[in-house]
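**Q** Chains as they are written, first to last, in this note's numbering: chain A, 1 to 282; chain B, 1001 to 1368. Every residue, glycine too, gets a C-beta built ideally from N, C-alpha and C.
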């Protein structure tokens, strides 16, 4: 048995941390979302639902939210399409090089997010690396403008950034598929494709779900990629929140949007967890 | 193709034309390390062949090569007149019962057993009936809807058997299937496995490290040692006439006598017996139960030429129920172990004997 003093020492600091830096800010945000900005540019503490009403009535917010979800969804699909085959290959078809390949996937995570964002800016810009190459080889004759400052650029950048987050849980779940099950499947006459579809894929679904959740939730709330490469057509909901808390000076509306997003994300995480419990076999 | 010259010995299961599965000069290396070195053996239809060996003998590798999970480095595998070794695992008419059972955790017992039928695109209307039959055969009919994780080890074992047998393979491969079960369940499953094999008439190739299990179950035992086939024979033959010192020691308990043979007489220290082998140095295996204790009465008739007698001091005696194990010091550094039925408490010098033909001349290990 641990002493009371020991228990207090290990539990109180994290509890304090969570309270001060998570629960209290959320509570403040919650209060703000019901307040308003007075004509004199001060926060008026009169409680109302007008911020939430504005969210619903002003189609701009709904549009940007839908766009954010569309972008997050595209990123999730692309990251899965890249991450799953890669994880499958590294887990099943590399022997001695397994560790090396695994590290190669992980290394980009060590580079700053900002650096990677700027790198894409350099690659995709109208006088950037990609356009330069395309023109050098006479594939195009003038810079392709849609490459940078577009939802395409945001999706590309976010996919690059979040694919390792999708790779990791899928790789972990594939590593946990007992190889004798693969042999048993072949032994029972299932072709390699049938073995993948009926044994490997079902057993790796928890990892797919975890990876998809990572990619979707992290992309949905991202504000740096749209800021760097998104331009006006690539604005996402977090950029709106940032501007509402900054130049636009409408903290109450920003708080209301934040809480809506929080609700969406928490619901998603909850649903994913329920689904994962259903998929995971003891 | 029936071979006229082999017809004469048609009763032996090893005859070429009768063989269902032929393994020829099979070789396998893991890196530089040879695991199998030129294994050749034939398996007859309906035979229960046990591949017996210590860990590292290559017995599991042999099974995995037949199943198609490993690529061979030399030799050939034939089944029913066709080369099997270039065929991928999922097209081979063999099924495996894995040591770890390898049941699919995300599928019910029913779906596990139906897996092979689906893969073979069996008639969908037939599947439920065939699965039910297979489960009934291993007494698991009541568990069709269960998840494998909810079953005990023995139950999982039965499901694994049903899953492999439902496809009616030509050969069933069993990789130490009973080693995870406790002793009682193990003996029970041995009996069931044997009667199941007789019932379905499928050829079984059974891998084990347990020589008693091999003796109890098999029509023939293939003893592997360090990648070599040491001996392949029926259990009684391999016990009674072990080919090598290793076979004699691995299967049953034995005494190895290093003897000098001259003119039909073998002598090992104070022990002398008649033999028919050529002269020179030789090793003999003498089973512990072949040694008899002579009663201490005067006027015992002297031994005939076919019997070897010797005196020795009883040094150790341990009670073993029906048979006591005793250690006999016969002088000149010669110690024998004998199993004597109900001897009472023995002390001092006693006289023992054995039939000369029970001392079996064996090749010294490493002679190949």
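I'd like to know if residue 1090 of chain B contacts chain A, where contact means its C-beta is closer than 9 angstroms to some C-beta of that chain.
**A** As a first step, residue 1090 of chain B is located in the second chain; it is residue number 90 there, counting from the start. Judged by the 9 angstroms Cβ criterion, residue 1090 of chain B is in contact with chain A.
**Q** Quick one: does residue 1180 of chain B have its CB under 9 angstroms from some CB of chain A?
**A** Within the second chain, the letter at position 180 stands for residue 1180 of chain B. By this cut-off, residue 1180 of chain B is not an interface position.
**Q** For residue 238 of chain A, which residues of its own chain have a beta-carbon under 6 angstroms away from its beta-carbon, when the five flanking residues on both sides are left out?
**A** Counting from 1 along the first chain, the entry for residue 238 of chain A is found at position 238. Answer for residue 238 of chain A: 221 and 223, listed in chain order.
**Q** I want to see whether chain A comes within less than 9 angstroms of residue 1021 of chain B, judged by CB atoms only; does it?
**A** Your numbering for residue 1021 of chain B matches position 21 in the second chain. False, the Cβ-Cβ gap to chain A never drops below 9 angstroms.
**Q** Residue range of the beta strand (DSSP E) that residue 1024 of chain B falls in?
**A** As a position in the second chain, residue 1024 of chain B is number 24, starting the count at 1. From DSSP, the beta strand (DSSP E) with residue 1024 of chain B extends over 1021 to 1030.
**Q** According to DSSP, is residue 1367 of chain B helix, strand or coil?
**A** Position 367 of the second chain, counting from 1, holds the residue named residue 1367 of chain B. Annotation note: pLDDT 43 at residue 1367 of chain B (below 50); position unreliable, no value reported.
**Q** Sort B:1180, B:1351, B:1048 and B:1308 by Cα distance to residue 1327 of chain B and report the nearest one.
**A** The residue given as residue 1327 of chain B occupies position 327 in the second chain. Among B:1180, B:1351, B:1048 and B:1308, the Cα nearest to that of residue 1327 of chain B is on B:1351.
**Q** Got a sec: is the Cβ-Cβ distance from residue 1005 of chain B to anything in chain A below 9 angstroms?
**A** The residue labelled residue 1005 of chain B in the question sits at position 5 within the second chain. Because the pLDDT of residue 1005 of chain B is 39, which lies under 50, any placement of that residue in the model is unreliable, and the number read from its coordinates should be weighed accordingly. Answer no: the Cβ-Cβ gap between residue 1005 of chain B and chain A never drops below 9 angstroms.
**Q** Listing by chain order, which chain B residues have their CB less than 7 angstroms from the CB of residue 53 of chain A?
**A** Your numbering for residue 53 of chain A matches position 53 in the first chain. Result: empty, since nearest Cβ-Cβ is about 47 angstroms, beyond 7 angstroms.
**Q** Please report the distance separating the alpha-carbon of residue 1280 of chain B from that of residue 1355 of chain B.
**A** Looking up residue 1280 of chain B in the second chain gives position 280. Looking up residue 1355 of chain B in the second chain gives position 355. In a straight line, the C-alpha of residue 1280 of chain B is about 21 angstroms away from that of residue 1355 of chain B.
**Q** According to a CB-to-CB cut-off of less than 7 angstroms, which residues of the segment 1073 to 1103 of chain B neighbour chain A?
**A** Within the segment 1073 to 1103 of chain B, the residues whose Cβ lies closer than 7 angstroms to some Cβ of chain A are 1089, 1090, 1095, 1096, 1098, 1100 and 1102, listed in chain order.
**Q** What are the boundary residues of the beta strand (DSSP E) that residue 1357 of chain B is part of?
**A** Position 357 of the second chain, counting from 1, holds the residue named residue 1357 of chain B. First-last for residue 1357 of chain B: undefined, no H or E at that position.
**Q** Which residues in the same chain have their Cβ closer than 7 angstroms to the Cβ of residue 1088 of chain B, if we skip the five residues on either side of it in sequence?
**A** The sequence position of residue 1088 of chain B within the second chain is 88, counting from 1. Excluding sequence neighbours, residue 1088 of chain B sits near 1068.
**Q** If you follow the beta strand (DSSP E) that residue 1050 of chain B is part of, which residue opens it and which one closes it?
**A** Taking the second chain and counting its residues from 1, one reaches residue 1050 of chain B at position 50. First-last of the beta strand (DSSP E) with residue 1050 of chain B: 1048 to 1052.
**Q** Are there three or more Cβ pairs, one per stretch, closer than 8 angstroms when the segment 124 to 140 of chain A is compared with the segment 68 to 85 of chain A?
**A** At 8 angstroms Cβ cutoff, the stretches do not touch.
**Q** Could you give the residue range of the beta strand (DSSP E) that holds residue 1268 of chain B?
**A** Taking the first residue of the second chain as position 1, residue 1268 of chain B is located at position 268. Its beta strand (DSSP E) spans residues 1265 to 1268.
**Q** Rounded to the nearest angstrom, what separates residue 1336 of chain B and residue 1363 of chain B at their Cα positions?
**A** Along the second chain, read from residue 1 onward, the residue named residue 1336 of chain B stands at position 336. Along the second chain, read from residue 1 onward, the residue named residue 1363 of chain B stands at position 363. Approximately 20 angstroms, taken between the alpha carbons.
**Q** So is residue 191 of chain A in contact with chain B if we call contact Cβ pairs under 9 angstroms?
**A** On the first chain, position 191 is the one that residue 191 of chain A refers to. At least one chain B Cβ lies under 9 angstroms of residue 191 of chain A.
**Q** So which residues on chain B does residue 199 of chain A lean against when the C-beta distance must stay under 7 angstroms?
**A** Here residue 199 of chain A refers to the residue found at position 199 of the first chain. Chain B residues near residue 199 of chain A: 1104.
**Q** For the beta strand (DSSP E) that contains residue 1259 of chain B, what are its first and last residues?
**A** Indexing the second chain from 1 puts residue 1259 of chain B at position 259. Here the beta strand (DSSP E) through residue 1259 of chain B covers 1254 to 1262.
**Q** When the cut-off is 9 angstroms and only beta carbons count, does residue 112 of chain A lie next to chain B?
**A** As a first step, residue 112 of chain A is located in the first chain; it is residue number 112 there, counting from the start. With 9 angstroms as the cut-off, residue 112 of chain A does not count as an interface residue toward chain B.
**Q** Note down, in chain order, each residue of its chain lying with its Cβ closer than 6 angstroms to the Cβ of residue 163 of chain A, except the 5 sequence neighbours on either side.
**A** As a working note, residue 163 of chain A is residue 163 in the first chain. Closer than 6 angstroms at Cβ, skipping near neighbours: 79, 82 and 83.
**Q** Measuring straight from C-alpha to C-alpha, what distance separates residue 1205 of chain B and residue 1224 of chain B?
**A** The count along the second chain starts at 1 and reaches residue 1205 of chain B at position 205. The count along the second chain starts at 1 and reaches residue 1224 of chain B at position 224. So the alpha carbons of these two residues sit roughly 14 angstroms apart.
**Q** Would you list, in sequence order, the uninterrupted alpha helix (DSSP H) runs of no fewer than 4 residues that lie entirely inside the segment 1210 to 1259 of chain B?
**A** Fully enclosed alpha helix (DSSP H) runs of 4 or longer: 1211 to 1217, 1235 to 1240 and 1245 to 1250.
**Q** Can you name the residues of chain A whose CB is closer than 7 angstroms to the CB of residue 1116 of chain B?
**A** Taking the second chain and counting its residues from 1, the one referred to as residue 1116 of chain B is at position 116. Ordered by position in chain A, the residues that pass the 7 angstroms Cβ test against residue 1116 of chain B are 188 and 189.
**Q** Take every Cβ of the segment 37 to 44 of chain A, pair it with every Cβ of the segment 186 to 195 of chain A, and state whether three or more of those distances are shorter than 8 angstroms.
**A** As far as the Cβ criterion goes, the segment 37 to 44 of chain A does not touch the segment 186 to 195 of chain A, which means the pair count is below three.
**Q** Restricting to Cα atoms, I'd like to know which of A:249, A:156 and A:204 is closest to residue 176 of chain A.
**A** Counting from one through the first chain, the residue named residue 176 of chain A turns up at place 176. The residue with the shortest Cα to Cα distance from residue 176 of chain A is A:204.
**Q** Could one say the Cβ of residue 1067 of chain B lies closer than 9 angstroms to chain C's Cβ atoms, at least one of them?
**A** Of the chains in the structure shown, none is chain C; the protein chains are A and B.
**Q** Answer yes or no: does any C-beta atom of chain A fall closer than 9 angstroms to that of residue 1417 of chain B?
**A** The question about residue 1417 of chain B has no answer, for chain B in this structure spans 1001 to 1368.
**Q** Can you pull the chain A residues whose beta carbon is under 7 angstroms from the beta carbon of residue 1119 of chain B, in chain order?
**A** As a first step, residue 1119 of chain B is located in the second chain; it is residue number 119 there, counting from the start. By Cβ distance, chain A contributes 188, 189, 190 and 194.
**Q** So if DSSP puts residue 1140 of chain B in a beta bridge, which residue, or which two residues, is it bridged to?
**A** Looking up residue 1140 of chain B in the second chain gives position 140. According to DSSP, which records beta bridges pairwise, residue 1140 of chain B is partnered with nothing at all.
**Q** Give the secondary structure of residue 274 of chain A by DSSP, where H, G and I count as helix, E and B as strand, and everything else as coil.
**A** As a first step, residue 274 of chain A is located in the first chain; it is residue number 274 there, counting from the start. Residue state, collapsed to three classes: helix.
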